[in-house]
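>
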Amino acid sequence: MSPTFATESPGVTLAVGEARVDLSAALGATVWPYVGPDADVVRLDALSRPGVRVSPAVAGVHVARDDGFFGEARAEEGTVHEGGLELGEARVGYQHPDGWVGAWVGRSELPLAYDREVEPEGLGYATRPVLSNAVLPVHANGAGTSMAWPDHGSVDVGASWPALTSDAPVLWTRLHVTPWGALPDDADAASDAARAMIAVGAATQRSTSLGTLALASADLAVRWRSLGFDASGLVARRGATRTSLLVGFQVPLLPGHAPDLLLRTRIERVGALLPDEDSRYVADVRLAARTRDRRVTTYLECVLSREQGAAVAEGEDVVDLGRGIERANDACGAGLLLRM
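With our numbering applied, the sequence shown covers 2 to 341.
Written out as structure tokens, the structure is:
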């Protein structure tokens, strides 16, 4: 893990006295010409209709002094249709060659799984996994602390309030082990050598109005140059138990060329999302062309979703014709990401 919220954006570096100031920003948009007519965000689909989705829209500043102290602020805007500030966070800390320690406060990610630890411009997909959006909001107000040993791992603890009306915080912790050195900050970035990360996390919330939440997660990520493999598992219980198993791959198609082509795919199986749904299988496939400095990325992406379960709820006076609950909720789009 890096002592900074920002991903590996090219950015601009300035020298101000004894401090180094790094400025970074990213802006992206995806055109979704096809979204299935049955897609519905209430039924936990990532998209509800065709159109243009602006994401990410972020800016950050990182200030590091020669004596090891650093500070950072980052802001992330919502989509053009929703508007509003999705994220606004600040961090201060101290960095040493053997590691670093820091504290943050603001509206930040709830880092319950690997995808939530990656900023949207470095995620490598236009949408996050289904269960990542379903269990708790991606962003929440809170505070936390981090400690890291660059060649070994890191530990993070924090408390987050998913909404202004939350009557109890989500208390969470994450432990990372990186035996061969830290992964790149961006999920789709190439590594200079073989890298691996094993992470486990836990979260709980004891809410009077919502009930008790218990969550556990485990992640494995392996990178060798531009080749990558990911595996994640998440179990969350609040009343019903929701589970997610995810595997993903990334393969370079034109290594060493500019622009390069990177093929990424992930397949997720989610259980017990909805009362009438036994399981859901979601595949996300993305082909991206990137300039050598990764300032410009263009991509094609398709999300395919298949649901299994009973179309008729228990007690309904209707006949199930055997079609199950398959819905026309696939989506295909094309996008552009600029990193400055």
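Here a beta-carbon is modelled for each residue, glycine too, at the ideal position from N, C-alpha and C.
1. Taking just the CA atoms, how far does Asp67 sit from Leu211?
2. Can you grab the Cα-Cα spacing for the pair Pro138 / Leu111, in whole Å?
3. Less than 8 Å separating the beta-carbons of Leu235 and Ala114?
4. List in chain order: all unbroken beta strand (DSSP E) runs of 3+ residues lying wholly within the stretch 119-171.
5. Taking the straight line between their C-alpha atoms, what separation do you get for Ala203 and Tyr35?
6. Nearest-angstrom Cα distance between Gly145 and Ala311?
7. DSSP puts Met198 in a beta bridge; with which residues?
8. With a CB to CB cut of under 6 Å and the five nearest residues on each side skipped, what residues in its chain are close to Arg92?
9. Just to confirm before moving on: does the CB-CB distance between Glu308 and Asp285 stay below 8 Å?
10. Per DSSP, what kind of secondary structure is Arg243 in: helix, strand or coil?
11. Considering only DSSP beta bridges, list what Asp285 is partnered with.
12. To the nearest angstrom, how far is it from the Cα of Arg267 to the Cα of Trp33?
13. Taking the alpha carbon of Trp101 as the point to measure from, which residue in Ala332, Glu118, Pro130 and His153 has its own alpha carbon closest?
14. If Ala195 sits next to Leu214, beta carbons under 8 Å apart, how far is it from one beta carbon to the other, in whole angstroms?
15. Does DSSP classify Arg379 as helix, strand or coil?
16. Just to confirm, are Val156 and Leu124 a CB contact at a threshold of 8 Å?
17. Below 8 Å on the Cβ atoms is my guess for Ser227 versus Pro260; work out the distance and round it to an integer in Å.
18. Helix, strand or coil, according to DSSP, for His82 in the structure here?
19. Helix or strand or just coil, what does DSSP make of Asp231?
20. Tell me which same chain residues have a C-beta within less than 7 Å of the C-beta of Asp39, skipping the five on either side of it?
21. Do you know whose CA, among Leu305, Ala183, Asp294 and Arg281, lies nearest Ala135's CA?
22. Relative to the C-alpha of Val55, which candidate in Gly229, Val42 and Gly336 has its C-alpha closest?
23. Looking at the secondary structure, which residues open and close the beta strand (DSSP E) in which Thr31 lies?
24. For Leu86, which option in Arg243, Asn142 and Ala191 has the closest C-alpha, if you only look at C-alpha atoms?
25. If I follow the unbroken beta strand (DSSP E) through Arg340, where does it start and stop?
So, from the listed chains and residues:
1. 47 Å
2. 8 Å
3. yes
4. 140-150 and 154-162
5. 37 Å
6. 42 Å
7. Ala222
8. Glu73, Gly103 and Trp105
9. no
10. The answer is strand: DSSP assigns Arg243 an E or B state.
11. Under the DSSP definition of a beta bridge, Asp285 partners with Arg267 and Val304.
12. 19 Å
13. His153
14. About 36 Å separates the two Cβ atoms, so there is no contact after all.
15. Not covered by the structure: residue 379. The range shown for the chain is 2 to 341.
16. no
17. Ser227 to Pro260, Cβ: 13 Å. No contact.
18. Note that His82 scores a pLDDT of 46, beneath 50, so its modelled location is shaky and nothing firm can be said.
19. strand
20. Arg328, Ala329 and Asn330
21. Ranking Leu305, Ala183, Asp294 and Arg281 by Cα distance to Ala135 puts Arg281 first.
22. Gly336
23. Ala20 to Val36
24. Asn142
25. Ala332 to Arg340
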